[in-house]
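Residue numbers (my numbering), protein chains in the order written: chain B, 125 to 243; chain F, 1186 to 1764. Cβ atoms here follow ideal geometry from the backbone N, Cα and C, with glycine treated the same way. None of the values given here were measured: they were computed from a predicted structure. Structure first, then comments.
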Amino acid sequence: MRVLLVDDEVELVSALAERLSLRGIEADWASTCDDALTKVESKSFDIAVLDVKMPKISGLELKRRLQAKCPLMKFIFVTGHGSEDNFREALRDAGPAYYLVKPLHIETLIHKMNEALKE
Amino acid sequence: MSILARLKPCFWDHGDTGEERYKHLFNFRRIWKLTVVLTTAVALFPVISLAIFDYNVTHDAMESEIVLRTSRLVSNARRTVSFFLTERKAALDFIVNYHSPGELNDSATLAQLLEALQKGFTGFSDLGVIDASGRQRTYVGPFELVGKDYCGQEWFEEVQDRGVYISDVFLGYRQHPHLVIAVKHELEDGSFYVLRATVDTKRFNDLLSGLEVDGGGDAFIVNQQGTIQTPTRWHGKVLEKMSLPVPEYSPKTKVLQCQGVGGESLVVGYAYIAETPFILMIVKHQNLLMKPWYKTRKELFAFSAFSITAVLVVILGVATYLVNMIHDTDEKRVATLHHMEYSERMASIGRLAAGVAHEINNPLAIISEKAGLIHDLFILKQEYAGDQKLIGLVESVQSSVERCGAVTRRLLSFARHMDVDIQPVRFKELIEEVLGFLGKEAEYRGVQVDVEVRDDIPTIKSDRGKLQQIFLNLVNNAFAAMADGGHLEIKVYRRSAESVSVKVRDDGCGIPEVDLKRIFEPFFSTKKQKGGTGLGLSITYGLVRELGGDIRVASAVGKGTSFTVTLPIEAKQTKRSDR
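What follows is the structure, given as structure tokens:
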């Protein structure tokens, strides 16, 4: 399983990537959208974990762009905010509701990713 | 409870419980009093004035009518009596003028004349001639009076002086009342003689008793000493003193009011009959005369009383109804104002909570990941493994982060639900969320909380935020009412096909029955000294109603209180007025 983690908090996303790696999951991370889009071009990922709220481009917009490049990619949303609108859109957009609220629980994240991939 | 207390409108005892800008706009009791007094005055003044005016006018008209009628009757009767006497006097005048003294001295001629008089005029019973010396010269009649000397007698003096004399009534021949009429005829030689006749007063009496006197009245004649001359029904026997005082002389007919022997009010009409000693009296009973007036008066009083009562009832009813409406409306206004402010406050608290939670959440997530990483390294990497103490420390950091995460999640969820939204709500989650806020307090105070959510409870469609507020308020109240170590029970059960009930029951101090009716009123608080606003339950009530539900309370002092909130499974979407 190859995972791309995208969040504007470098400290968070790098630690998370390392933790997943420790568990034998191939994880890469990006802290901006551009970074994420470049990463996708050079390497293929099965699943992307996106922060809903990021500077410049929202997680949902990023998802659309990534999906255009890799149609088979699965997505999981993560949010640190309780904003209703984002949740709603995320729910509607993501199809099956794969979203998690920070702080994340690593086992839950892995579980969700496995579920998403099974579909 | 007395009837008066039950009739008392709700604004009557309304103390102004609001403060500063939540004050009521009106003083209801004053408005009510002012309205009632003003409208009563304006409405009743004309009614009462008219009634009094009409009373006086009718009364005066009635009295003057009585006086007028009596006066007319007296005048007519006087004319009749006067005519009767004048007629007889004129007959005697005719006789003395037409016959010479010689003819009149002849008993046979006199007897013929008496017979003619008896035929032509009724009532003559004898006839006699008296010469200037006062001696009876001739006489025809039932007595033997020839030769009788009248010289020096009062009547003889009077007839000499005035030329005519009419006597009082006396009991004469066969005990019949009679009166005497005498006329003087002067001769050319300066001497004179007197023709004297006795007249039976029966005809006289018939005249008077034939009068139609109303008001239980009586028409009779008295002489100037008050001796009754003709029969009377009420005022004594003939030739006895009359029971009434003799009225003072008046040349005209007069009507006056006086008291009878028994104290009854009498209307007395009288007239002095000229050239006679007689006074004609007509006496009526005022009570009987005024009978029609009493009836009219009764009707007037009844009508006035009815009008006044009707006006008062209408005024009181309308004023009370209107002031009650103003009161209710103002009450709603104040409550809405409060509700708005409360909601606004809740919303800003929500926004603040959301802001804080979000700001904290990101660093918290980093701490969580870093600690997680350290933990992972200890567990998974050989070079770090083995130090159980460090693993323990990191685990402790992780569990603390987990706790913080729970708090921020709850805050975020609370803030999120400040927005109006009908969404599926599961009671189990909802109640856990609410209890989450009070979990620590329950733990410290040793309050046992039992939650029972039946399996058949469906997911309802309602406003999560409002439901949270409702149950948070109820649970908060229950906590406030309970002593440490109390027992709180929350039970969710199916009420009907369309509704679900939630019962929040505590074993706290309970609510007295007097207060029970008022606990949902805005500003009603028994905890004012402890900072209660008296709004919690009124807002709870408002929220339940907004969701189309119903809230009931049952309580026993010392045993506890239970609130039952019944909610429809599908709430109607209602717009929040304050947004």
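Checklist entry - Name the residues in the stretch 1519–1544 of chain F whose C-beta lies less than 8 Å from a C-beta of chain B; which are they? => result The residues in question are A1539, A1542 and H1543.
Checklist entry - Comparing the C-beta of I171 (chain B) with each C-beta of chain F, is any distance below 7 Å? => result Along the first sequence, read from residue 1 onward, the residue named residue 171 (chain B) stands at position 47. The beta carbon of I171 (chain B) does not come within 7 Å of any beta carbon belonging to chain F, so the residue lies off that interface.
Checklist entry - Name the chain F residues whose beta carbon is nearer than 8 Å to that of R189 (chain B)? => result Within the first sequence, numbered from 1, the residue matching residue 189 (chain B) stands at position 65. Near R189 (chain B) there are no residues of chain F at all, since even the closest Cβ is about 24 Å away, more than 8 Å.
Checklist entry - If you drop the 5 nearest sequence neighbours on each side, which residues of the same chain put their C-beta closer than 8 Å to that of Y1240 (chain F)? => result In the second sequence, residue 1240 (chain F) corresponds to position 55, counting from 1. Around Y1240 (chain F): R1482 and L1485.
Checklist entry - On the three-pair Cβ rule with 8 Å, is the stretch 1464–1473 of chain F touching the stretch 1440–1451 of chain F? => result Touching, per the Cβ criterion.
Next on the checklist: On a Cα-Cα basis, can you pick out the residue from F:Y1434, F:G1454 and F:S1428 that is closest to V1446 (chain F)?
Outcome noted: The sequence position of residue 1446 (chain F) within the second sequence is 261, counting from 1. Cα-wise, what sits closest to V1446 (chain F) is F:S1428.
Checklist entry - Measuring CB to CB, does D1391 (chain F) end up less than 7 Å from G1308 (chain F)? => result Taking the second sequence and counting its residues from 1, one reaches residue 1391 (chain F) at position 206. Taking the second sequence and counting its residues from 1, one reaches residue 1308 (chain F) at position 123. No, these two residues do not count as a Cβ contact at 7 Å.
Checklist entry - So G1745 (chain F) is in the beta strand (DSSP E); what residue range does that whole segment cover? => result For the purposes of this step, residue 1745 (chain F) is taken as the residue at position 560 of the second sequence. G1745 (chain F) -> beta strand (DSSP E) spans G1745 to P1753.
Next on the checklist: Helix, strand or coil, according to DSSP, for V1685 (chain F) in the structure here?
Outcome noted: Taking the first residue of the second sequence as 1, we reach residue 1685 (chain F) at position 500. Three-state DSSP puts V1685 (chain F) in a strand.
Checklist entry - Under 7 Å, do V1354 (chain F) and Q1414 (chain F) count as touching if we go by C-beta distance? => result The residue you call residue 1354 (chain F) lines up with position 169 of the second sequence. The residue you call residue 1414 (chain F) lines up with position 229 of the second sequence. Going by C-beta atoms, V1354 (chain F) is nearer than 7 Å to Q1414 (chain F).
Item to check | Whether E1637 (chain F) touches K1574 (chain F) by CB criterion (7 Å) | outcome: The residue you call residue 1637 (chain F) lines up with position 452 of the second sequence. The residue you call residue 1574 (chain F) lines up with position 389 of the second sequence. No, the pair does not count as a contact, with Cβ atoms beyond the cut-off.
Checklist entry - How would you list, in chain order, the residues of chain F whose beta-carbon sits under 8 Å from the beta-carbon of A139 (chain B)? => result By 1-based counting over the first sequence, the position of residue 139 (chain B) is 15. The answer, in chain order, is I1551, E1554, K1555, G1557 and L1558.
Checklist entry - Applying a beta-carbon distance threshold of less than 7 Å, which residues of chain B neighbour L1565 (chain F)? => result Your numbering for residue 1565 (chain F) matches position 380 in the second sequence. For the C-beta of L1565 (chain F), the chain B residues within less than 7 Å are, from N- to C-terminus, L146.
Item to check | Exposed unless 16 or more other CB atoms sit within 10 angstroms - verdict on A1404 (chain F) | outcome: The residue given as residue 1404 (chain F) occupies position 219 in the second sequence. Result: buried.
Checklist entry - What is the residue span of the beta strand (DSSP E) that A1456 (chain F) lies within? => result For this step, residue 1456 (chain F) is matched to residue 271 along the second sequence. Here the beta strand (DSSP E) through A1456 (chain F) covers S1450 to Y1457.
Checklist entry - In chain order, what residues of the same chain lie with their CB nearer than 7 Å to the CB of G1671 (chain F), ignoring the 5 residues before and after it? => result Position 486 of the second sequence, counted from the start, is the residue given in the question as residue 1671 (chain F). Taking G1671 (chain F) as the centre and dropping the five residues before and after it, the same chain places the C-beta of V1632, D1691, D1692 and G1693 closer than 7 Å to its C-beta, in chain order.
Item to check | Within chain B, the residues that V1687 (chain F) reaches when beta carbons sit closer than 8 Å | outcome: As a working note, residue 1687 (chain F) is residue 502 in the second sequence. Residues of chain B with a Cβ closer than 8 Å to the Cβ of V1687 (chain F) do not exist, since the nearest Cβ in that chain sits about 25 Å away.
Item to check | Straight-line Cα distance separating L1210 (chain F) from T1514 (chain F) | outcome: Here residue 1514 (chain F) refers to the residue found at position 329 when the second sequence is read from its first residue. Here residue 1210 (chain F) refers to the residue found at position 25 when the second sequence is read from its first residue. Cα to Cα, T1514 (chain F) sits roughly 11 Å from L1210 (chain F).
Item to check | Unbroken beta strand (DSSP E) run spanning S1310 (chain F), endpoints | outcome: Indexing the second sequence from 1 puts residue 1310 (chain F) at position 125. That run of the beta strand (DSSP E) goes F1309 to D1316.
Checklist entry - Should D175 (chain B) and V202 (chain B) be called a contact, given that it needs their Cβ atoms to be closer than 7 Å? => result For the purposes of this step, residue 175 (chain B) is taken as the residue at position 51 of the first sequence. For the purposes of this step, residue 202 (chain B) is taken as the residue at position 78 of the first sequence. With respect to the 7 Å criterion, D175 (chain B) and V202 (chain B) are classified as neighbours on the basis of their beta carbons.
Checklist entry - Among residues of its own chain, excluding the 5 on either side of V1579 (chain F), which ones have a beta-carbon nearer than 6 Å to its beta-carbon? => result Taking the first residue of the second sequence as 1, we reach residue 1579 (chain F) at position 394. Closer than 6 Å at Cβ, skipping near neighbours: A1556, I1559 and H1560.
Item to check | Whole-angstrom C-beta distance between A1663 (chain F) and T1593 (chain F), which should lie under 8 Å | outcome: Position 408 of the second sequence, counting from 1, holds the residue named residue 1593 (chain F). Position 478 of the second sequence, counting from 1, holds the residue named residue 1663 (chain F). With a beta-carbon spacing of about 27 Å, T1593 (chain F) and A1663 (chain F) fall beyond the 8 Å limit used to define contacts.
Checklist entry - What residue from F:T1417, F:Y1350, F:L1356 and F:A1262 has the CA that sits closest to Q1338 (chain F)'s CA? => result Translated into positions along the second sequence, residue 1338 (chain F) becomes position 153. Per the C-alpha coordinates, the member of F:T1417, F:Y1350, F:L1356 and F:A1262 positioned closest to Q1338 (chain F) is F:Y1350.
Item to check | Rounded separation between R1737 (chain F) and M1667 (chain F) - CA only | outcome: What you label residue 1737 (chain F) is simply residue 552 of the second sequence in a count that begins at 1. What you label residue 1667 (chain F) is simply residue 482 of the second sequence in a count that begins at 1. CA-to-CA, the gap between R1737 (chain F) and M1667 (chain F) works out to about 19 Å.
Next on the checklist: My output table needs one value for S1260 (chain F): the three-state DSSP class, helix, strand or coil.
Outcome noted: Here the question's residue 1260 (chain F) lines up with position 75 in the second sequence. S1260 (chain F): helix per DSSP, three-state reduction.
Next on the checklist: I'd like to know whether the C-beta of P220 (chain B) is nearer than 7 Å to at least one C-beta of chain F.
Outcome noted: To locate residue 220 (chain B), count along the first sequence from 1; it is residue 96. Because P220 (chain B) sits at a pLDDT of 49, beneath the cut-off of 50, its placement in the model cannot be relied upon, and the following sentence gives the value as read from the coordinates. For P220 (chain B), the closest Cβ of chain F is not nearer than 7 Å.
Next on the checklist: To be precise: take each residue of the stretch 1627–1661 of chain F, compare its Cβ to all Cβ atoms of chain B, and keep it if any distance is under 9 Å. Which residues remain?
Outcome noted: Within the stretch 1627–1661 of chain F, no residue has a Cβ that lies closer than 9 Å to any Cβ of chain B.
Item to check | Cβ separation of R1679 (chain F) and D1641 (chain F), assumed to be a contact under 8 Å, to the nearest whole Å | outcome: As a working mapping, residue 1679 (chain F) is identified with position 494 in the second sequence. As a working mapping, residue 1641 (chain F) is identified with position 456 in the second sequence. That belief holds up - the Cβ atoms of R1679 (chain F) and D1641 (chain F) are roughly 5 Å apart, short of 8 Å.
Checklist entry - On the three-state DSSP scale, how would you describe W1340 (chain F)? => result As a position in the second sequence, residue 1340 (chain F) is number 155, starting the count at 1. The answer is helix: DSSP assigns W1340 (chain F) an H, G or I state.
Checklist entry - Is F1563 (chain F) near I1576 (chain F), with beta carbons less than 7 Å apart? => result Taking the second sequence and counting its residues from 1, the one referred to as residue 1563 (chain F) is at position 378. Taking the second sequence and counting its residues from 1, the one referred to as residue 1576 (chain F) is at position 391. For F1563 (chain F) and I1576 (chain F), yes; Cβs fall inside 7 Å.
Next on the checklist: Is it the case that the stretch 1495–1502 of chain F contacts the stretch 1224–1236 of chain F, given that we only count it when at least three CB pairs across the two stretches are under 8 Å?
Outcome noted: Under the three-pair Cβ rule at 8 Å, the stretch 1224–1236 of chain F counts as touching the stretch 1495–1502 of chain F.
Next on the checklist: I need the DSSP call for M1247 (chain F), collapsed to helix, strand or coil.
Outcome noted: Sequence index remark: in the second sequence, residue 1247 (chain F) carries index 62 (1-based). Helix.
Checklist entry - By the criterion of Cβ-Cβ separation under 9 Å, what are the contact partners of D1561 (chain F) in chain B? => result The count along the second sequence starts at 1 and reaches residue 1561 (chain F) at position 376. Near D1561 (chain F) (Cβ distances below 9 Å), the residues of chain B are E142, R143, L146, R147 and I230.
Checklist entry - If we cut at 7 Å on Cβ distances, does G1590 (chain F) have a partner in chain C? => result Although the question refers to chain C, the structure presented lacks it and instead comprises the protein chains B and F.
Checklist entry - Shorter than 7 Å from the beta carbon of L129 (chain B) to some beta carbon of chain F? => result On the first sequence, position 5 is the one that residue 129 (chain B) refers to. By this cut-off, L129 (chain B) is not an interface position.
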